[in-house]
């Protein structure tokens, strides 16, 4: 507590104390990188001068349309330029950005619009009917709806609403951004995917997003002018904050409406993409791509993967293709990634299979975090023995302010000086965290805990398996038994019994799935497998 | 001002708001990089586990010796391990670090100890007599004196004082660091070099130092595990904060008692040094090194240079030797560097001479700064025309809290929302700042302003000139005329008249020096030429 005996005159003032906000990054980029390519999407290519200009006009136009400080502005847009612009333009008029998942049903979107109180919605033409229906279902005052058309992708404006490009023209290029006066002001409102019950509104502050960007630069080994492909939807943890990060490096955001193996390979080969983040399912797309969709490239692509531990078999395959994969871990409540499987070059000499096992660890606290560790139910550190389970606990500035209009849940999840992740994990002797399972994904069979992740890892190692998920199936004798859902690769097959035999060769009997269902797996917009659906289905088997 | 309509329960708490401090970096490094080499000095090689342990013991021992939160602990140590450890250990017990320039006279050191109120001094054996004399000259309570011996460099302990290594043994390895509760708490107290009058005590806060470290990583293109050679004394802006930065990257600090061309080349070739900072005089050392002191190396060394604009001729020479030089600019009041001459790769194709001219610009705001620009006396932006002069004005979190016990000077320098640098500069059309001169270094001759930097640049381009400084000499007719002091390279010579003719070939007559004195230039500990001495001398000519 370094207060000196005489601190007269040493108070904060405008010269030496500026609230931290990612808005500062774009203001600086417009000055120091004016001619660098900022956003690229087909024939839309804006440099930082123009990006800043469009953002300024957006903020100005929103103000003219009555948006005031603290108001919520929602978006329903894929990872396109307007979505990136909203990340700066909405807070630049003092408003709070609420990016809504475009794959939700009308009822849930309507719930979010009502709960968040959005006063204006920017919606892509592809999702305009969803937006219209969700707004129609609202009681009381309805938000303005602005349509973001995308003619180059076959989505011309419907003509039913004001258009985004016209909105920008309403705005003034000399509008003065409303910078936060306090870095604790709200920046974004992100609803959790809500696997059970209503989604909760996670509130981000400017300070947390600013620190996310600087810490990520370090962990992702980024130097100036990276080329980032936006795969993770910006409506999921604001795409892990990478859009806010790019201006500090003068980097380029490459947009893509639909993610496919071909789109990813093309972006790498044609646009020089150097970095992207994605769920393990994206890694599977790349590994299992058809020969005609693949492209060759000379550089190494740095990939952050998160959402679920990637299967060691997938990791082992993808690295031979020119990708360096780093497993990161986080939640909506933590702005995205807050641990990383930091690589130690002494591990380079290990056999590929062992490397892949380490790479599937969630790892250690990222540079901007104060502490990420595994505690027992008494909030005591668990032994770092790779065996003892506890809950991942998180402390640091990139932790949400709390849940919007839900102080009870906020108090519960932020108690005891840590955010409670709800994820069960072990810590290895080197401190690296490895997720055992989400608490609700644990299968309890005859009193024994079974990690669904462990069983999935074994199934994924079978050459015919493309993707799988293991959940609990109720069982009269054992309480629960593991039930596997499996997607096979194209043109390969395996029988039910052969796959069970494969699992049994690596697993204890009680961990071996009793049932295997071959089907396409239900997934969220971010590629997370929707285990709750499978769990519900397994109960009917 | 993004305060939402209902922010109930969204207040800060321990889970989501942690005061920013560079102390966090070392705490994390001890966990994630325990076996990486942290500090290297001859046979002293500590990894992060041991570095953290020594720092913890230091903090504990200081506490046991009565050091309390907000107390000042001074050091008089070259760039050696104990000086690096003090950067963490002193604040880890809540105290404020006051690194004192080891080349000051007894009177000034005594003044600083008295003004800062140091309660304990860590002094290297080489400077123990200076410390003893300065303490003896104090009235009132005297600080404890701890001797930091360096037997491997021929400085065994005198036996007159407690020794540093014994102090560490007094401390406990399980001491719990006193982390700041408020990031505005004071971290360091740095006295300005005080070219006129008494030095002023510049107070740094934890927040500013933390943000310096993250911003510098970006600008210096640092990835994990850099090897940093500490050339800039840690008593000068805490070596520009690089010791605080290294742990976030798992980097190594290479220490060196005496800086010479041979020491620098050896550190690069033998220790793999990748980064260092230094005044232009250090660049001159490298360029003018004797053949037998040079070493070859395979990698590119990234160099930050600051303190004065390096001469284009020096820049042009050094880059062919494997060094990439980036000009940065800052002051003690701004924690060191806050602008950088950010390189645009489109300039790669320019002739070497033009590149060197651009590289001598001070450039643009670094990533952690909010605004660094050139304003006129009415605090209005000057035209960016490369000609109109104004004063460099600085706003951002890495700006001092103020001057210790000098609220009047603080108020003056931090007025109008900017820190007033006192440096005159122009801005080019691309926004890049170029220093014309420190206000006091401007020569006014017949009503015309003469930039001493411009004249120096011309003289430096002469092949016989190693170093030079141009100051005002009083003149009955013109008011002032330029007077040059010149150091020649070994074994080369040039006559007074030939050098004046050389200058005249590039400069207007009124800018051409009327007098040239060949002599060794007086320099500060950081290699800055002490122009005030030359100015005083010039008055006697």
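Residue numbers (our numbering), protein chains in the order written: chain A, 1 to 541; chain B, 1001 to 1541.
Each residue gets a CB set at the ideal place from its N, CA and C atoms; glycine is no exception.
query: Taking DSSP as the reference, what is the three-state secondary structure of residue 1360(B)?; result: coil
query: Could you pull the start and end residues of the alpha helix (DSSP H) that residue 97(A) belongs to?; result: Note, residue 97(A): premise wrong, no alpha helix (DSSP H); beta strand (DSSP E) at 96-99.
query: Strictly under 7 Å for the Cβ-Cβ distance: is residue 1412(B) near chain A by that measure?; result: no
query: With a 10 Å radius around its C-beta and 16 neighbouring C-beta atoms as the bar for buried, classify residue 239(A) as buried or exposed.; result: buried
query: Could you round the C-beta distance between residue 31(A) and residue 1431(B) to whole angstroms and report it? I think they count as a contact, below 8 Å.; result: 5 Å
query: Of the choices 11(A), 121(A), 409(A), whose alpha-carbon is the least far from that of residue 1008(B)?; result: 409(A)
query: Checking contacts by CB at 7 Å: is residue 1004(B) closer than that to chain A?; result: yes
query: Using 7 Å as the threshold, is the C-beta distance between residue 1538(B) and residue 1473(B) below it?; result: yes
query: Along the alpha helix (DSSP H) that carries residue 1542(B), what are the first and last residues, could you check?; result: With chain B covering 1001 to 1541 only, the question about residue 1542(B) has no answer from this structure.
query: At the level of alpha carbons, what is the spacing between residue 326(A) and residue 140(A)?; result: 47 Å
query: Buried or exposed for residue 1025(B), going by 16 or more other Cβ atoms inside 10 Å?; result: buried
query: Cβ of residue 445(A) less than 7 Å from any chain B Cβ?; result: no
query: When burial is assigned at 16 or more other CB atoms within 10 Å of the CB, is residue 1200(B) buried or exposed?; result: buried
query: List the whole-angstrom C-beta distance separating residue 75(A) from residue 112(A), where the pair is believed to meet the contact cut-off of C-beta under 8 Å.; result: At roughly 12 Å, the Cβ-Cβ gap does not stay under 8 Å, so residue 75(A) and residue 112(A) are not in contact.
query: Taking 7 Å as the threshold (beta carbon to beta carbon), is residue 214(A) in contact with chain B?; result: yes
query: Starting from residue 1049(B), follow the alpha helix (DSSP H) in both directions and report where the run begins and ends.; result: 1048-1064
query: When the Cα atoms are used, what is the spatial distance from residue 1493(B) to residue 1459(B)?; result: 13 Å
query: Residues of the segment 35-66 of chain A with a CB closer than 7 Å to any CB of chain B: list them in chain order, please.; result: none
query: Grouping DSSP H, G and I as helix and E and B as strand, with all else coil, what is residue 200(A)?; result: coil
query: Which class does residue 17(A) belong to by DSSP, given the choice of helix, strand or coil?; result: coil
query: Among residues of its own chain, excluding the 5 on either side of residue 227(A), which ones have a beta-carbon nearer than 8 Å to its beta-carbon?; result: 251, 252, 254, 271, 272, 273, 274, 275
query: Specify, as a first and last residue, the run of the beta strand (DSSP E) that residue 462(A) falls within.; result: Run containing residue 462(A): none; DSSP gives neither H nor E here.
query: What would DSSP say about residue 398(A), mapped onto helix, strand or coil?; result: coil
query: Since I believe residue 1475(B) is in contact with residue 1531(B) (beta carbons under 8 Å), could you give me their beta-carbon distance rounded to a whole number of angstroms?; result: No, residue 1531(B) and residue 1475(B) are not in contact; Cβ-Cβ is about 18 Å, not under 8 Å.
query: At which residue ranges does the segment 1385-1453 of chain B contain complete beta strand (DSSP E) runs of 3 or more residues, listed in the order of the chain?; result: 1390-1396, 1419-1427, 1433-1438, 1443-1445, 1448-1450
query: On the CB-based measure, 16 or more other CB atoms within 10 Å of its CB, does residue 1071(B) come out buried or exposed?; result: buried
query: Note down, in chain order, all residues in the segment 1384-1398 of chain B with a beta-carbon under 8 Å from any beta-carbon belonging to chain A.; result: 1394, 1395, 1396, 1397
query: Are the segment 1349-1359 of chain B and the segment 1314-1323 of chain B touching by the rule of at least three beta carbon pairs closer than 8 Å?; result: yes
query: Quick one: using the 10 Å Cβ neighbour count with 16 as the cut-off for buried, is residue 1284(B) buried or exposed?; result: buried
query: In chain order, what residues of the same chain have a beta carbon less than 7 Å from the beta carbon of residue 1261(B), not counting five sequence neighbours either side?; result: 1285, 1286, 1289, 1293
query: Using CA atoms only, rank isn't needed, just tell me which of 1540(B), 1490(B), 1449(B), 1489(B) is closest to residue 1508(B).; result: 1449(B)
query: Residues of chain B with a CB under 9 Å from the CB of residue 91(A): which are they?; result: 1002
query: Using beta carbons (cut-off 7 Å, strictly below), is residue 16(A) in contact with chain B?; result: yes
query: Given that a residue counts as buried once 16 or more other Cβ atoms are within 10 Å of its Cβ, and exposed if not, what is residue 1207(B)?; result: buried
query: Anything in chain A within Cβ reach of residue 1117(B), meaning under 8 Å, just list it in chain order.; result: 5
query: Given that a residue counts as buried once 16 or more other Cβ atoms are within 10 Å of its Cβ, and exposed if not, what is residue 1505(B)?; result: exposed
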